[in-house]
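J.:
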Amino acid sequence: MFHTVANFDRIGEENAFSVLARATELARQGRDIINLGIGQPDFKTPEHIVEAAVKALRDGEHGYTPATGILPLREAVAADVAKRSGAPVSPEQVVIVPGGKVTMFAAILMFGEPGADILYPDPGFPIYRSMIEFTGARPVPIPIREANAFAFSAEETLALITPQTRLIILNSPANPTGGVTPKAEIDKLVAGLANWPDVAILSDEIYGQMVYDGLAHTSLLSYPEIRDRVILLDGWSKTYAMTGWRMGYSVWPQPLVDKIRKLAVNCWSCVNAPAQWAGLAALTGPQDAVHAMVAEFDARRHVVVAETNKLPNVSCAVPKGAFYAFPNITATGWKSKPLASALLEEVGVATIGGPDFGIHGEGYIRLSYANSTENILKALARIGAFLEKNA
Ligand code: PLP
């Protein structure tokens, strides 16, 4: 019998994809399914971006590109990130990757090995922990608490750092909670990191343009004192409704760029060329579609929160960013995963149980409001009827 290496037995899952598969299967069987499970905008990619990809294909952009991406795109990313974060960013620091997940994968591979600790948010995007375990590093969860409005606590995060800590993963605005860490708290965290100059930071800012209530997004790159050890994860998937294009970008400290370039050469060569030209059109073209999408998410956010708070024994904090709500279902008497599963099987509403995002996710379910207001209202009415019947 053949032998695979043990690392592969430690790879986890992103359960949103299993829920999507089950929801699709039920819909195929003729069931009326409403998906509040998957985290992707329900909008189409704006037309001028699609046209740029079509034009690139017609113009013969069919070959390999440089491994880190075409220069005009890296220049556009550098300019865009510099404008939004205030940090000087050079195109040489920018790496175009096939989706934001690949930045995560590369950064965790670069710092993770047995004996190393990597801190990550819990609840948080499930791939962080999965990849940390894959490398053999020790995953150290940073508790993210409802009592703290689902923000990182600087104090709690700093207290977890030890001489074994190599990398800290931060994510604001956050999946799955919609939490946004206030600038004052990030200031404290950054001040404390001065005591740990060898610790790198992976800042997952993929929802950075989705903040509400007049809040401004604070990029970790905006802090000169840590800039030389921040890896920025961002991309097109959420901001421009381009999840299926597999396009992301990262900004790396200069000494790490050559390592990720070599990983690219060994692994994916380059990102799909026409998609890169589309990404350029996205960044340099009109941003009205982005503003319209964010405004729509904001309106739905109010609907989700208001309607979820009417559910029996459920309370829902107001998310400040991204497109997720993370209601507390503890008082219903249900555990999160059985509830999520019953809602899908019995009333055709896909949600994700909080424990799919970490141990601190028990007692919550994630609702993605990347769905029409009409569907959100219908889904919450079904959940309400289910909870009345199964109290
Ligand atoms: N980071 C977070 C927090 C996410 O929620 C997601 C997608 O759900 C990603 C990264 C990955 O995005 P991409 O589709 O660009 O790989």
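As numbered in our numbering, the sequence shown has no gaps in its residue numbers, which increase by one up to the final residue, 1458.
Ideal Cβ placement from N, Cα and C applies to all residues, glycine included.
Hey, would you say the C-beta of D1147 is under 7 Å away from at least one heavy atom of the ligand MG?
T.: Only the ligand PLP can be found as ligands here, which leaves the ligand MG out of the picture.
J.: For the region 1406-1456, list the beta strand (DSSP E) runs that are entirely contained and at least 3 residues long, ordered along the chain.
T.: 1432-1435
J.: Identify the residues that DSSP records as bridge partners of G1302: which are they?
T.: G1315
J.: Closer than 6 Å from C-beta to any heavy atom of the ligand PLP: which residues, in chain order?
T.: Chain-ordered list of matching residues: G1106, G1166, G1167, K1168, F1192, N1238, N1242, D1271, I1273, G1302, S1304, T1310, G1315.
J.: Between N1442 and the rest of its own chain, which residues show a CB-CB distance below 6 Å, the 5 nearest in sequence each way excluded?
T.: I1101
J.: Using only alpha-carbon positions, find the residue among G1127, A1398, G1245, M1309 that is nearest to N1215.
T.: G1245
J.: Grab the span of the beta strand (DSSP E) containing N1238 for me, first residue to last.
T.: 1232-1238
J.: Grab the span of the beta strand (DSSP E) containing V1247 for me, first residue to last.
T.: For V1247, there is no enclosing beta strand (DSSP E), as DSSP gives it neither H nor E.
J.: Which residue wins for smallest C-alpha separation from G1346, given the options W1312, F1364, N1333?
T.: W1312
J.: Bridge partners of P1158, per DSSP?
T.: The partner list for P1158 (beta bridge, DSSP) is empty, contrary to what the question assumes.
J.: Name the DSSP bridge partner or partners of S1286?
T.: Its beta-bridge partners do not exist; DSSP assigns none.
J.: Which residues does DSSP list as the beta-bridge partners of I1189?
T.: Strictly speaking, residue 1189 in this sequence is Asp, with Ile absent from that position. For D1189, the beta-bridge partners assigned by DSSP are P1210.
J.: Using a threshold of 8 Å, state whether the C-beta atoms of I1209 and L1260 are closer than that.
T.: no
J.: Do L1350 and A1134 have their C-beta atoms within less than 8 Å of each other?
T.: no
J.: Would you kindly work out how many angstroms separate the C-alpha atoms of V1474 and S1286, rounded to a whole number?
T.: The question about residue 1474 has no answer, for the chain in this structure spans 1068 to 1458.
J.: Is DSSP giving R1205 helix, strand or coil here?
T.: strand
J.: Can you give the Cα-Cα distance for G1182 and P1206, rounded to whole angstroms?
T.: G1182 and P1206: Cα-Cα distance of roughly 11 Å.
J.: Using a Cβ-Cβ cutoff of less than 8 Å, which residues in the same chain neighbour D1099 once the five nearest sequence positions on both sides are dropped?
T.: G1415
J.: Could you please give the first and the last residue of the uninterrupted alpha helix (DSSP H) stretch that includes A1083?
T.: 1082-1095
J.: Is DSSP giving V1324 helix, strand or coil here?
T.: helix
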